[in-house]
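Trainee: Structure incoming, see below.
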Amino acid sequence: MRLLHTYGILLILFQLTGCFNDSIYKRDETSPKFQPREYYRKHVSFSEAGVSNASSLAEEIKREITKDKYIKRAVVVKEDGKYVVAIQMKSYHYSKAETLSKKYKQAWEKQWKIPIEITFNPGEYRKVERDLATKK
């Protein structure tokens, strides 16, 4: 009988403390994943706030250009007030590089109103990648 009362009290304590319910910190699929004790931190990205700094713009350019199926890798560097985008094309697609660079250059200069230089020469890509690695 004593064991039955103990289990009954434990069951009531678990229900009162919320062990059988979901967490009090509700989140959906779009909410960011936080480490323990970070649930109180407000999470706002630069793009949501309407702020665009050089690194976020460079990341956005890189993310957009690497979505293309003919582009293998890209490096974006800001130099003397203009953005230099070095592209490494996938094998057998270098003939499309000129048209792709013109398309992206026109779209980005129209969208962000900043000067952009796009290069697809493999030697220049390696040079920009090496310079970026030594900067960090």
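Each residue of the sequence shown is one higher than the one before, counting from 1 in the working numbering.
C-beta: ideal position from N, C-alpha, C; glycine also.
1) To which residues of the same chain is D131 closer than 8 Å at the C-beta, ignoring the five residues directly before and after it?
2) Measuring alpha carbon to alpha carbon, tell me which residue in L4, K69, L57 is nearest A97.
3) Confirm, please, whether the CB-CB distance from Q88 to K110 is below 9 Å.
4) Within its chain, find whatever has a CB closer than 6 Å to the CB of A58; leave out the 5 residues flanking it on each side and keep chain order.
5) Hey, V85 and I114 are a contact pair by Cβ (cut 8 Å); roughly how many whole angstroms apart?
6) Would you give the residue range spanned by the alpha helix (DSSP H) that K103 belongs to?
7) To which residues does DSSP link Y94 through a beta bridge?
8) To the nearest angstrom, report how far apart T6 and L13 are at their CA atoms.
9) Determine the direct distance from the alpha carbon of Y92 to that of R126, and round the result to whole angstroms.
10) Pull up the DSSP beta-bridge partners for E124, would you.
11) Count the other CB atoms, across all protein chains shown, that sit within 10 Å of the CB of I118; report buried if there are 16 or more and exposed otherwise.
12) Just the C-alpha distance for S95 and S101, rounded to the nearest angstrom, thanks.
13) With 16 as the cutoff for other CB atoms within 10 Å, does I65 come out buried or exposed?
14) Where does T134 fall in DSSP's three states?
Mentor: If we stick to the structure as given:
1) Sequence index remark: in the sequence shown, residue 131 carries index 131 (1-based). Once the five neighbours on either side are set aside, the close Cβ partners of D131 are V77.
2) By one-based count along the sequence shown, residue 97 stands at place 97. Comparing Cα positions, the closest option is K69.
3) Looking up residue 110 in the sequence shown gives position 110. Looking up residue 88 in the sequence shown gives position 88. The answer is no: Cβ separation not under 9 Å.
4) Sequence index remark: in the sequence shown, residue 58 carries index 58 (1-based). Same-chain partners within the cutoff: V76.
5) Taking the sequence shown and counting its residues from 1, the one referred to as residue 85 is at position 85. Taking the sequence shown and counting its residues from 1, the one referred to as residue 114 is at position 114. Between I114 and V85 the Cβ distance is about 11 Å, and since that is not below 8 Å, they are no contact.
6) Locating residue 103 in the sequence shown gives position 103, where the first residue counts as 1. 97 to 112 is the extent of the alpha helix (DSSP H) around K103.
7) Within the sequence shown, numbered from 1, the residue matching residue 94 stands at position 94. According to DSSP, Y94 bridges with nothing at all.
8) Taking the first residue of the sequence shown as 1, we reach residue 6 at position 6. Taking the first residue of the sequence shown as 1, we reach residue 13 at position 13. Straight-line Cα distance between these residues: approximately 11 Å.
9) Start at 1 with the first residue of the sequence shown, and residue 126 comes out as number 126. Start at 1 with the first residue of the sequence shown, and residue 92 comes out as number 92. The alpha-carbon atoms of R126 and Y92 are separated by roughly 19 Å.
10) Indexing the sequence shown from 1 puts residue 124 at position 124. In DSSP, E124 forms no bridge with anything.
11) By 1-based counting over the sequence shown, the position of residue 118 is 118. Buried, because 16 or more other Cβ atoms sit within 10 Å of the Cβ of I118.
12) Taking the first residue of the sequence shown as 1, we reach residue 95 at position 95. Taking the first residue of the sequence shown as 1, we reach residue 101 at position 101. If you take the alpha carbons of S95 and S101, they lie about 11 Å apart.
13) Residue mapping note: residue 65 aligns to position 65 of the sequence shown, counting from 1. Answer is buried; the Cβ neighbour count reaches 16.
14) Position 134 of the sequence shown, counted from the start, is the residue given in the question as residue 134. DSSP places T134 in helix when its eight states are reduced to three.
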